[in-house]
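Residue numbers (the numbering used here): 1277 to 1569.
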């Protein structure tokens, strides 16, 4: 069946609209990327509006990589994203697996507590007092322990574990496996897609840690990358612990804006690099267990 003229015009209009939206969405990313690699002299001569640099420069990245404050903050964020994600996946998957077993004593009470945590938030002040009483102020663990798991993620992962046939567990018990063996040798291998999806959620959250660091971390040597980036975007003179952000050496200076853009690229790049490898598990992992039939 041939399309009518109206249908073709409608399809072309949709295509043009989507292309325009794509350009509007991607242009800021492209501009940030280009400016971060722009030669300082060209950036100044063009008054900061550079779309196609005539010469690419790594000066801004070399400056950031030579700055101890930026390197240290990147290490803190990398620690949060790796260790925090692994611990969160361990706690969430173990808790969800326990809740999915009907023979667990106190299961209904635990489910009620999980649902209660989703519906009611204690607020900033009680959470701060709890972290303080635990002695975690100015500790990197203050950015991990209070957010080790999420009630919503527990419910979703529990739904997935509920969809795994109980006969697999019974067969493993007959072969002599205990609960830990069943969890590590059967349940987790079958949950690779789900773990990849939730691992991406946790990794992005830990890498973008900002507000909790503002609350709990007073030592500048322990702040994550997002705090340093925020300081750079607001006040370049204090971003690097008091050193001017435009001074690379005594005989060479870099525009502050190129350094800011390079910092944005570095802070965004890890997530952009990880996501393509997890994309194939993303939709499958989120949808598993959501529909039964």
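Beta carbons are placed, not taken as given, at the ideal position from N, Cα and C, and that holds for glycine.
Rounded separation between residue i and residue j - CA only
{"i": "residue 1366", "j": "residue 1413", "result": "24 Å"}
{"i": "residue 1467", "j": "residue 1357", "result": "21 Å"}
{"i": "residue 1352", "j": "residue 1325", "result": "33 Å"}
{"i": "residue 1362", "j": "residue 1465", "result": "15 Å"}
{"i": "residue 1281", "j": "residue 1291", "result": "15 Å"}
{"i": "residue 1332", "j": "residue 1311", "result": "9 Å"}
{"i": "residue 1395", "j": "residue 1315", "result": "52 Å"}
{"i": "residue 1405", "j": "residue 1499", "result": "20 Å"}
Pair within 8 Å by beta-carbon distance, residue i and residue j
{"i": "residue 1368", "j": "residue 1425", "result": "yes"}
{"i": "residue 1387", "j": "residue 1375", "result": "yes"}
{"i": "residue 1433", "j": "residue 1364", "result": "no"}
{"i": "residue 1457", "j": "residue 1448", "result": "yes"}
{"i": "residue 1336", "j": "residue 1534", "result": "yes"}
{"i": "residue 1346", "j": "residue 1504", "result": "yes"}
{"i": "residue 1538", "j": "residue 1340", "result": "yes"}
{"i": "residue 1492", "j": "residue 1423", "result": "no"}
Helix, strand or coil at residue i [DSSP, three-state]
{"i": "residue 1314", "result": "strand"}
{"i": "residue 1521", "result": "Low confidence applies to residue 1521: its pLDDT is 40, below 50, so where it sits in the model is not reliable enough to give any reading."}
{"i": "residue 1528", "result": "In this predicted model, residue 1528 has a pLDDT of only 45, less than 50, meaning its place in the structure is not dependable; the value taken from the coordinates is given anyway. Three-state result, residue 1528: strand."}
Host alpha helix (DSSP H) of residue i (start-end)
{"i": "residue 1346", "result": "1344-1355"}
{"i": "residue 1392", "result": "1383-1395"}
{"i": "residue 1368", "result": "1361-1376"}
{"i": "residue 1494", "result": "Looking at the DSSP string, residue 1494 is not in any alpha helix (DSSP H), and its letter there is neither H nor E."}
{"i": "residue 1442", "result": "1442-1450"}
Residue closest to residue i, alpha-carbon to alpha-carbon, out of the options
{"i": "residue 1547", "options": "1374, 1477, 1448 and 1496", "result": "1477"}
{"i": "residue 1308", "options": "1285, 1443, 1329 and 1550", "result": "1329"}
{"i": "residue 1436", "options": "1473, 1286 and 1393", "result": "1473"}
{"i": "residue 1541", "options": "1418, 1510 and 1501", "result": "1501"}
{"i": "residue 1415", "options": "1321, 1479 and 1488", "result": "1488"}
Any non-hydrogen atom of the ligand MN closer than 7 Å to residue i Cβ
{"i": "residue 1377", "result": "For the ligand MN, the structure offers nothing, since it holds no ligand at all."}
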